[in-house]
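Asks:
Residue numbers (my numbering), protein chains in the order written: chain A, 588 to 870; chain B, 307 to 568.
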């Protein structure tokens with residue numbers, strides 16, 4: 588390796604005695620810069636989350652803004668998650684019927700559909716749909732407020748922006764995700780049954796009875812309520828990305844994109860952890 | 307650290323004899339990346355006094371206001387409001403100080419999803435919870451009347467001109483009856499008639515409310531009209547501070563050049 592492939596990386600604290608200026612390979616600088624950005628992002632997220640938590644638990648409480656956000660996150664996302672649920676129900680119905688027929692297990696169809704929807708597809712699809720709609724909306728709205736100094740104006744009016752803007756949005760996501768998941772599940776089961784009935788008539792009562800046979804609350808409740816954690820992830824990342832935006836219209840676009848991309852990524856990672864946790868706690 | 311009693315006594319002393327400035331900035335330094343914006347600034351403003359801060363673009367005039375209200379944190383130096391150093395105050399403690407400060411942003415920074423009346427009512431809804439809805443409404447209309455915007459209370463910020471937005475921003479800044487008024491380029495981007503109207507409005511409000519004001523501006527005419535003292539910034543420092551006549555008599559090259567070009 589020639590000398591030209593090495594660059595001198597300045598020491599973190601040049602005045603520190605005994606620190607050596609060791610030449611590092613040329614690829615080291617961008618890697619170190621990426622690592623620095625990575626840790627800076629997580630550090631800032633941690634500080635942001637702490638500020639939001641402090642603001643959320645201390646009065647005055649922003650009830651009116653919370654109600655507005657519950658409506659924004661909840662009722663305005665309902666048609667979208669209902670449609671997504673309906674589509675998922677039909678897809679699972681078609682796929683499951685075909686697969687189960689091959690193994691002669693058609694009688695397992697209702698239970699397969701119900702368990703697939705409630706335990707796997709319903710929560711994650713709701714999370715991703717809400718992340719797309721609400722995450723992008725919150726990220727863009729807060730970013731736009733940031734670049735036009737509206738957040739600074741809130742602060743200048745002696746109002747805590749973490750309390751007014753972030754805590755209310757994050758709390759609304761936490762509260763609404765489980766309810767929206769129930770709506771997704773209900774729509775998926777309804778359309779799944781309907782798709783099945785078109786091929787082989789089965790009453791809805793029989794379908795539900797067969798689907799929930801042997802089911803316990805512990806099989807369904809943790810899967811539904813884990814979506815509160817998705818809400819936390821979606822709200823926290825969208826608010827964080829929005830409120831730290833810089834750079835005009837481009838910054839607003841970047842904040843909206845990052846809110847959705849990072850929100851979806853962290854939502855799936857959270858799901859991995861929660862699935863394992865639920866399997867351990869509710870075997 | 308000063309106790310609440312000390313602060314109250316200090317404020318009382320300030321109001322009685324004006325011996326403690328309402329706003330005092332000492333050795334204030336602020337750097338963004340490698341760019342040193344403010345390099346040891348010293349300024350003070352007393353009750354009922356207006357200080358105009360002038361200087362070229364990018365000399366840290368707006369940053370100075372943001373440091374005074376605590377939106378930015380200084381690298382070193384101190385900002386004192388009524389004798390209390392605001393460094394290291396928690397957000398809620400800082401909130402108590404900010405209630406005494408009215409801030410007009412350069413681009414007004416009105417909340418674009420709220421109407422004009424809702425924008426002005428915003429600080430009242432959060433800090434005057436004891437007010438009934440009708441009392442709040444009356445106060446909003448009174449403030450809008452003061453700035454000549456009473457007839458447009460139902461409009462959205464996007465439906466009014468830049469000058470009108472600044473008037474509404476001024477009404478919002480006055481909503482909590484502040485003791486200190488910070489104005490960031492109140493006449494920037496306005497036609498001469500609108501600039502004159504804003505100047506007259508600021509003068510009228512000064513006379514009526516006796517606030518300590520700091521006005522950041524490029525507009526020498528506006529500064530002469532509304533300010534008691536002027537401070538000229540260059541390269542992060544105060545080059546000269548005094549009355550307009552002091553600036554005129556100065557033999558500093560930058561001051562002469564600035565006055566010539568204004």
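The beta carbon of each residue, even a glycine, is placed where N, CA and C say it ideally should be. Nothing here was measured: the structure is a model prediction, and the numbers come from that model.
Using only the alpha-carbon positions, how far apart do residue 713 of chain A and residue 668 of chain A sit?
Replies: Whole-angstrom Cα-Cα distance: 6 Å.
Asks: By the three-class DSSP mapping on this structure, what secondary structure does residue 761 of chain A have?
Replies: Correct three-state label for residue 761 of chain A: helix.
Asks: What distance in whole Å lies between the Cβ atoms of residue 743 of chain A and residue 409 of chain B, which are believed to be in contact at a cut-off of 8 Å?
Replies: 4 Å between Cβ atoms; contact.
Asks: Report the three-state DSSP secondary structure of residue 326 of chain B (helix, strand or coil).
Replies: In the structure shown, residue 326 of chain B sits in coil (DSSP, three-state: anything other than H, G, I, E or B).
Asks: Less than 8 Å between CB atoms is the rule here; does residue 327 of chain B satisfy it with respect to chain A?
Replies: Not closer than 8 Å to any Cβ of chain A, the Cβ of residue 327 of chain B fails to qualify, so no.
Asks: Using beta carbons (cut-off 8 Å, strictly below), is residue 567 of chain B in contact with chain A?
Replies: Not closer than 8 Å to any Cβ of chain A, the Cβ of residue 567 of chain B fails to qualify, so no.
Asks: Which residues in the same chain as residue 567 of chain A place their Cβ atom closer than 8 Å to its Cβ, once the five residues preceding and following it in sequence are excluded?
Replies: Since the first residue shown for chain A is 588 and the last is 870, residue 567 of chain A is missing from the structure and cannot be characterised.
Asks: With contact counted as at least three CB pairs below 8 Å, one residue from each stretch, are the region 546-553 of chain B and the region 495-514 of chain B in contact?
Replies: Segments in contact, no.
Asks: From residue 452 of chain B to residue 775 of chain A, what distance separates their C-alpha atoms?
Replies: Going by the C-alpha atoms only, they are around 58 Å apart.
Asks: Determine, using beta carbons only, whether residue 383 of chain B and residue 404 of chain B come nearer to each other than 8 Å.
Replies: The answer is no: Cβ separation not under 8 Å.
Asks: Counting only beta-carbon separations shorter than 8 Å, does residue 561 of chain B have a partner in chain A?
Replies: False, the Cβ-Cβ gap to chain A never drops below 8 Å.
Asks: Measure the alpha-carbon distance for residue 461 of chain B versus residue 361 of chain B and round it to whole angstroms.
Replies: Between residue 461 of chain B and residue 361 of chain B, the C-alpha separation is close to 35 Å.
Asks: To be precise: take each residue of the region 637-660 of chain A, compare its Cβ to all Cβ atoms of chain B, and keep it if any distance is under 7 Å. Which residues remain?
Replies: For the region 637-660 of chain A, which is checked against every Cβ of chain B, not one residue is closer than 7 Å.
Asks: Could you please give the first and the last residue of the uninterrupted beta strand (DSSP E) stretch that includes residue 343 of chain B?
Replies: Per DSSP, residue 343 of chain B belongs to the beta strand (DSSP E) from 341-351.
Asks: For residue 755 of chain A, which three-state DSSP category applies?
Replies: Residue 755 of chain A: helix per DSSP, three-state reduction.
Asks: Using a C-beta to C-beta distance shorter than 7 Å, which residues of chain A count as neighbours of residue 415 of chain B?
Replies: Chain A residues near residue 415 of chain B: 735, 736, 737, 739, 740.
Asks: Straight-line CA distance for residue 661 of chain A to residue 722 of chain A?
Replies: For residue 661 of chain A and residue 722 of chain A, the distance between alpha carbons rounds to 13 Å.
Asks: Taking the runs of the beta strand (DSSP E) that are 3 residues or longer, which of them lie wholly in the region 373-461 of chain B?
Replies: Segments of the beta strand (DSSP E) lying fully in the region 373-461 of chain B: 382-387, 407-410.
Asks: What do you get for residue 521 of chain B, buried or exposed, if any count of 16 or more other CB atoms within 10 angstroms of its CB means buried?
Replies: That one is buried.
Asks: When you compare only the Cα positions, how much space is there between residue 795 of chain A and residue 697 of chain A?
Replies: Cα to Cα, residue 795 of chain A sits roughly 7 Å from residue 697 of chain A.
Asks: Which runs of the beta strand (DSSP E) at least 3 residues long sit entirely within the region 842-869 of chain A? Give them in chain order.
Replies: Correct list: empty.
Asks: With contact counted as at least three CB pairs below 8 Å, one residue from each stretch, are the region 775-795 of chain A and the region 695-710 of chain A in contact?
Replies: Segments in contact, yes.
Asks: Take residue 680 of chain A and list the residues in its own chain whose beta-carbon comes closer than 7 Å to its own, dropping the five residues that flank it on each side.
Replies: Result list for residue 680 of chain A: 700, 779, 782, 783, in chain order.
Asks: Which chain B residues sit within Cβ distance under 7 Å of residue 745 of chain A?
Replies: Going along chain B in sequence order, the residues near residue 745 of chain A (Cβ under 7 Å) are 401, 404, 405, 433.
Asks: Go ahead and label residue 573 of chain A buried or exposed: buried means 16 or more other beta carbons lie within 10 angstroms of its beta carbon, across all protein chains shown.
Replies: Examination of residue 573 of chain A is not possible in this model, given that chain A is present from 588 through 870 alone.
Asks: Just the Cα atoms here: how many angstroms apart are residue 450 of chain B and residue 414 of chain B?
Replies: C-alpha separation (whole angstroms): 15 Å.
Asks: So is residue 338 of chain B buried or exposed if we call it buried at 16+ other beta carbons inside 10 Å?
Replies: Exposed.
Asks: Which term fits residue 705 of chain A, buried or exposed, when burial requires 16 or more other beta carbons within 10 angstroms of its beta carbon?
Replies: Result: buried.
Asks: Given a cut-off of 8 Å on the beta-carbon distance, is the pair residue 767 of chain A and residue 854 of chain A in contact?
Replies: Not closer than 8 Å, so no.
Asks: Between the region 529-541 of chain B and the region 497-510 of chain B, are three or more C-beta pairs nearer than 8 Å?
Replies: Result yes; three or more Cβ-Cβ pairs closer than 8 Å.
Asks: According to DSSP, is residue 829 of chain A helix, strand or coil?
Replies: In this structure, residue 829 of chain A counts as helix in the three-state DSSP scheme.
Asks: In the DSSP assignment, find the unbroken alpha helix (DSSP H) run with residue 700 of chain A in it and report its ends.
Replies: 696-702 is the span of the alpha helix (DSSP H), which, as asked, contains residue 700 of chain A.
Asks: Could you check what DSSP says for residue 778 of chain A in three-state terms: helix, strand or coil?
Replies: Here residue 778 of chain A sits in helix by DSSP.
Asks: Whole beta strand (DSSP E) runs in the region 449-521 of chain B with 3 or more residues, listed along the chain?
Replies: Complete beta strand (DSSP E) runs here, min 3: 486-490.
Asks: For my contact list, residue 823 of chain A and residue 757 of chain A are in at a C-beta cut-off of 8 Å; report their separation, rounded to the angstrom.
Replies: Correct: roughly 6 Å between the Cβ atoms.
Asks: Using the beta-carbon count (16 or more within 10 Å), is residue 390 of chain B buried or exposed?
Replies: When all chains shown are included, residue 390 of chain B counts as buried.
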